[in-house]
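**Student:**
2 protein chains.
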Amino acid sequence: MTNLNRTIGQLAEDELLARIIPQLPAGRTVIDNGDDAAVLPADDGSVVACTDVMVEDRHFRTAWSTGGDIGWRVAMQNLSDISAMGAAGTQLLIGLVMPPSTTLAWVEDFARGLRQACEAGAFAWGSPVGVAGGDLSGGEKIMVSVTALGSLCGRKPLTRAGARPGDTVAVAGTLGFSAAGLALATAGKIPARLADDWQDLSESGASADQWAQYAWHIYRRPQPPLTAGVSAADVGASAAMDISDGLVRDLGRLARASGVSIELTPPCDLPGLVSIAESLAPSEGKALANSWWHSGGEDHALLATFHSGTELPDGFTAIGRVLQDCEGGALTGIDPEAARGWDHFGQG
Amino acid sequence: MTNLNRTIGQLAEDELLARIIPQLPAGRTVIDNGDDAAVLPADDGSVVACTDVMVEDRHFRTAWSTGGDIGWRVAMQNLSDISAMGAAGTQLLIGLVMPPSTTLAWVEDFARGLRQACEAGAFAWGSPVGVAGGDLSGGEKIMVSVTALGSLCGRKPLTRAGARPGDTVAVAGTLGFSAAGLALATAGKIPARLADDWQDLSESGASADQWAQYAWHIYRRPQPPLTAGVSAADVGASAAMDISDGLVRDLGRLARASGVSIELTPPCDLPGLVSIAESLAPSEGKALANSWWHSGGEDHALLATFHSGTELPDGFTAIGRVLQDCEGGALTGIDPEAARGWDHFGQG
């Protein structure tokens, strides 16, 4: 039996790969990743590609996030970028740098998180998501780079640049919960982990403890609405964008790219976020919750704009509109206090 | 005017990107990298993909390699993997982690090295090679991850698994010079940099100093024979593989993947390598040179097998043959002393 407490410094690279590769789905390949490069199908004559890096003590802490959490999160933030183009993810390529003291158990857990993210993608898109290649190296801190590839399946790509006056601005997925989870941890109030059969609480009543657990889960394992990009493309959305740096900042980017101004209509109440915020700052709960919603990053919700009169696809909520006759790039309807956000609460 | 001694810790990410992106070629794109993901053409319905990570003080030292050298090397080692499939490189995606103390001059030089590698690829393949995406992050050490994408342009991919009894084994590109360059530097005998108009010395007579400069150049800026994979595919090569871990180790992998045995015919003399080796170890020059040739990694030469009687494409030299009636996976004709190699000389 293999001792999972062995460190990778005690294993040959081939031994390590033999533990990891069988855990990972292959997805659709012509030639798989045992050769110098993988050959992957690109049936519609194009491929969608993006890349992201996560560095220990900058983007995550091993005290807060398990290997599985980190594998999930780095895969999901890339799959969310693919989704935002109106595409389905097909393959990931992984670069993993680890200190020699990293245990085999951690690496296997990391691979499990990657696999779970691939499975979630496959479920969302109805087509396999695999790991087409990778490279391992030693280093002083954990560093993970992921390149995600995807397919538009013949669809026209969604960009940030297509929003037009009169369009409805809508969002799918959670906003502010990752920032709330991080704020809880930063305050030393780390909630219990959610049970494996946790349910999305965003539309139901829940106790303060449940909301805190939910936010902590979203921080560690963000739940981007992976089907939303394809759904938006299918009803002719005019623009779309993954929200990774906070709603206000990313909405500003979309407005500038499209050359339009946008009026935001914030929600009347944010019961989950307010409940968490009040546990941290009783007298400022509402303001803090508002700030998370406007400026919290890394939930990886999807922002999209739809021609006026389009029925919004499942999962989208209208949060504003593109203004007529306005100078491009401006945002209105935003509480400046709420929009300062994010940086106040650290970046994990 | 921008002060190039400013550090990236003093620059906003947008400012930094504005300095880097204009230096990089875009290649062929449908949607370029200003959006959540790039959309790239894949005209023949498939895409070739691989990834590699380089970590400071593991794969390079900033005292020995400039930013430009590192950008060149990480791009080239990936483009070489693409070439080994019989494909042409089309796009790179870059993850770059840097300490806040990194200067703007270093980053611009890194981008220049990437661009030069893309230009060398474009020249070799007669089609553009671009940078389709990237991500920047802070960290304690420099870490670069590159994913390379490529196109087979309708060709059948070359794998490691196709060598057949009777085939000729051949190699294109340099062998052992990267290890020789590293050995010089490790011994504290760093040669002068080659002039920009340096010429390939591998077939000509040269002085000991020139050979040392050449080896030092190959260590910092390996020169994989990027056209060789396509040329090999075009004459129906049976297998191909990038040599990154040394000839003997990688030849063993090809033999095992193909289920064949291979007899190696080492060259009679290695004038360049012997000249360098004698400057380091006068009495053991020939043995050391032999060891570099057999076991030195990171020249990124191309190994390929050809059906008996095939005229080898330009740049290839025969170095052995696939044996008839032999158990799979064995190598013969190898001096065991020479094959120990590589690890003795450190891995930079």
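Quick mapping for you: the protein sequence lines, in order, are chains A and S. Quick note on numbering: our numbering labels position 196 of the first sequence as 196, and the sequence is numbered without any gaps. Quick note on numbering: our numbering labels position 3 of the second sequence as 3, and the sequence is numbered without any gaps. The C-beta atom is built at its ideal place from N, Cα and C for all residues, glycine as well. Computed from a prediction, not measured in an experiment: that's the story for all the values here.
#1: Any idea what DSSP makes of residue 321 of chain A, helix, strand or coil?
#2: Using beta carbons (cut-off 8 Å, strictly below), is residue 346 of chain A in contact with chain S?
#3: For residue 42 of chain A, decide whether its Cβ has a neighbour in chain S, counting only Cβ atoms nearer than 8 Å.
#4: Nearest CA to the CA of residue 234 of chain A: which residue from A/267, A/303 and A/87?
#5: Closer than 8 Å, CB to CB, is residue 140 of chain S near chain A or not?
#6: Going by DSSP, which residues form a beta bridge with residue 130 of chain A?
#7: Tell me, please, whether the CB atom of residue 50 of chain S is closer than 8 Å to any CB atom in chain A?
#8: Pick helix, strand or coil for residue 22 of chain A, following the three-state DSSP scheme.
#9: Give me, in chain order, the residues of the same chain whose beta-carbon lies closer than 7 Å to that of residue 172 of chain S; leave out the 5 immediate sequence neighbours on both sides.
#10: With a CB to CB cut of under 7 Å and the five nearest residues on each side skipped, what residues in its chain are close to residue 353 of chain S?
#11: Distance, Cα to Cα, residue 99 of chain S vs residue 208 of chain S?
#12: Counting only C-beta atoms, is residue 342 of chain A closer than 8 Å to chain S at any point?
#13: Are the region 54-74 of chain A and the region 130-140 of chain S touching, with three or more C-beta to C-beta distances below 8 Å?
#14: Taking buried to mean at least 16 other C-beta atoms within 10 Å of its own C-beta, is residue 118 of chain S buried or exposed?
#15: Starting from residue 150 of chain S, trace the beta strand (DSSP E) both ways and give me its first and last residue.
#16: Using a beta-carbon distance below 8 Å, is residue 305 of chain S in contact with chain A?
#17: Determine which residues of the region 46-75 of chain S have a Cβ less than 9 Å from any Cβ of chain A, and write them out in chain order.
#18: Identify whether residue 55 of chain A lies in helix, strand or coil by the three-state DSSP scheme.
#19: With a CB to CB cut of under 6 Å and the five nearest residues on each side skipped, what residues in its chain are close to residue 220 of chain S?
#20: Measuring alpha carbon to alpha carbon, tell me which residue in A/288, A/27 and A/34 is nearest residue 18 of chain A.
#21: Does the Cβ of residue 38 of chain A have 16 or more other Cβ atoms within 10 Å, making it buried, or fewer, making it exposed?
#22: At 8 Å on the CB atoms, spell out the chain S contacts of residue 112 of chain A, in chain order.
#23: Would you call the region 322-337 of chain A in contact with the region 176-189 of chain A, where contact means no fewer than 3 C-beta pairs closer than 8 Å?
#24: Cutting at 8 Å between CB atoms, please list the residues of its own chain near residue 108 of chain S, excluding the five before and the five after it.
#25: Beta carbons nearer than 7 Å to chain A: which residues of the region 211-226 of chain S have them?
#26: List, in order along the chain, the chain A residues whose C-beta lies closer than 9 Å to that of residue 157 of chain S?
#27: Under a Cβ-count criterion, where at least 16 other Cβ atoms within 10 Å of its own Cβ denotes burial, should residue 324 of chain A be classed as buried or exposed?
#28: Would you decide whether residue 267 of chain S is buried or exposed? Buried here means 16 or more other CB atoms lie within 10 Å of its CB.
#29: Determine the closest residue to residue 121 of chain A out of A/77, A/46, A/155 and A/252, with distance taken between C-alpha atoms.
#30: In this structure, does DSSP put residue 230 of chain S in helix, strand or coil?
#31: Measuring alpha carbon to alpha carbon, tell me which residue in S/155, S/75, S/320 and S/104 is nearest residue 230 of chain S.
#32: Determine which residues share a DSSP beta bridge with residue 46 of chain A and list them.
#33: Using the rule of at least 16 other Cβ atoms within 10 Å of the residue's Cβ for burial, across every protein chain shown, is residue 80 of chain S buried or exposed?
#34: Can the beta-carbon of residue 46 of chain A be found closer than 8 Å to that of residue 30 of chain S?
#35: Using the DSSP secondary-structure output, state which residues sit across from residue 169 of chain A in a beta bridge.
#36: One question on the structure: do residue 71 of chain A and residue 112 of chain A come within less than 8 Å of each other, judged by their Cβ atoms?
**Tutor:** Inspection of the coordinates gives the following:
#1: Residue mapping note: residue 321 of chain A aligns to position 321 of the first sequence, counting from 1. Reduced to three states, the DSSP call for residue 321 of chain A is strand.
#2: In the first sequence, residue 346 of chain A corresponds to position 346, counting from 1. Low confidence applies here, because residue 346 of chain A scores a pLDDT of 34, under 50, leaving its location unreliable; read the following figure in that light. Chain S, which has no Cβ nearer than 8 Å to the Cβ of residue 346 of chain A, makes this no.
#3: Residue numbering aside, residue 42 of chain A sits at position 42 when the first sequence is read from its first letter. It does: the Cβ of residue 42 of chain A has a partner Cβ on chain S nearer than 8 Å.
#4: The residue you call residue 234 of chain A lines up with position 234 of the first sequence. Comparing Cα-Cα distances from residue 234 of chain A to each of A/267, A/303 and A/87, the minimum goes to A/87.
#5: Indexing the second sequence from 1 puts residue 140 of chain S at position 140. Judged by the 8 Å Cβ criterion, residue 140 of chain S is in contact with chain A.
#6: Along the first sequence, read from residue 1 onward, the residue named residue 130 of chain A stands at position 130. Residue 130 of chain A is bridged to A/91.
#7: If you number the second sequence from 1, residue 50 of chain S lands on position 50. With a threshold of 8 Å between beta carbons, residue 50 of chain S makes contact with chain A.
#8: For this step, residue 22 of chain A is matched to residue 22 along the first sequence. Helix, per DSSP.
#9: Taking the second sequence and counting its residues from 1, the one referred to as residue 172 of chain S is at position 172. Counting only Cβ-Cβ distances below 7 Å, and skipping sequence neighbours, we find 225, 228, 301, 302, 315 and 316.
#10: Since the displayed chain S opens at 1 and closes at 348, residue 353 of chain S lies outside it and no answer follows.
#11: Position 99 of the second sequence, counted from the start, is the residue given in the question as residue 99 of chain S. Position 208 of the second sequence, counted from the start, is the residue given in the question as residue 208 of chain S. If you take the alpha carbons of residue 99 of chain S and residue 208 of chain S, they lie about 38 Å apart.
#12: As a position in the first sequence, residue 342 of chain A is number 342, starting the count at 1. Residue confidence is low: residue 342 of chain A scores 40 on pLDDT, short of 50, so the model does not pin down where it sits. No coordinate-derived value is stated.
#13: yes
#14: The residue labelled residue 118 of chain S in the question sits at position 118 within the second sequence. Flag for residue 118 of chain S reads buried.
#15: Here residue 150 of chain S refers to the residue found at position 150 when the second sequence is read from its first residue. Per DSSP, residue 150 of chain S belongs to the beta strand (DSSP E) from 143-151.
#16: Within the second sequence, residue 305 of chain S is the residue found at index 305, counting from 1. No, residue 305 of chain S does not count as interfacial toward chain A.
#17: 46, 47, 48, 49, 50, 51, 52, 53, 54, 55, 56, 57, 58 and 59
#18: Mapped onto the first sequence, residue 55 of chain A falls at position 55. Three-state DSSP puts residue 55 of chain A in a strand.
#19: Looking up residue 220 of chain S in the second sequence gives position 220. Excluding sequence neighbours, residue 220 of chain S sits near 65 and 69.
#20: Reading the first sequence from its first residue, position 18 is the one you call residue 18 of chain A. That would be A/34, whose Cα lies nearest to the Cα of residue 18 of chain A.
#21: Counting from one through the first sequence, the residue named residue 38 of chain A turns up at place 38. It counts as buried.
#22: If you number the first sequence from 1, residue 112 of chain A lands on position 112. Per Cβ cutoff of 8 Å: no residues; residue 112 of chain A is ~20 Å from chain S at best.
#23: no
#24: Numbered from its first residue, the second sequence carries residue 108 of chain S at position 108. If we look at residue 108 of chain S and ignore the five residues flanking it on each side, its Cβ neighbours are 4, 19, 20, 23 and 67.
#25: none
#26: What you label residue 157 of chain S is simply residue 157 of the second sequence in a count that begins at 1. Chain A residues near residue 157 of chain S: 30, 31, 35, 37 and 39.
#27: For the purposes of this step, residue 324 of chain A is taken as residue 324 along the first sequence, with counting starting at 1. It is exposed - the Cβ of residue 324 of chain A has fewer than 16 other Cβ atoms within 10 Å.
#28: Taking the second sequence and counting its residues from 1, one reaches residue 267 of chain S at position 267. Taking all protein chains in view, the Cβ of residue 267 of chain S is surrounded by fewer than 16 other Cβ atoms within 10 Å, so the residue is classified as exposed.
#29: Taking the first sequence and counting its residues from 1, the one referred to as residue 121 of chain A is at position 121. The residue with the shortest Cα to Cα distance from residue 121 of chain A is A/77.
#30: By one-based count along the second sequence, residue 230 of chain S stands at place 230. Helix.
#31: In the second sequence, residue 230 of chain S corresponds to position 230, counting from 1. If we check each option's Cα against that of residue 230 of chain S, S/155 comes out closest.
#32: As a working mapping, residue 46 of chain A is identified with position 46 in the first sequence. DSSP output for residue 46 of chain A lists S/41 as bridge partner(s).
#33: Here the question's residue 80 of chain S lines up with position 80 in the second sequence. By the 16-neighbour rule on beta-carbons within 10 angstroms, residue 80 of chain S is buried.
#34: In the first sequence, residue 46 of chain A corresponds to position 46, counting from 1. In the second sequence, residue 30 of chain S corresponds to position 30, counting from 1. Their beta carbons are under 8 Å apart, which means residue 46 of chain A touches residue 30 of chain S by this criterion.
#35: To locate residue 169 of chain A, count along the first sequence from 1; it is residue 169. In the DSSP assignment, residue 169 of chain A forms a beta bridge with A/305 and A/320.
#36: For this step, residue 71 of chain A is matched to residue 71 along the first sequence. For this step, residue 112 of chain A is matched to residue 112 along the first sequence. Cβ atoms of residue 71 of chain A and residue 112 of chain A: closer than 8 Å.
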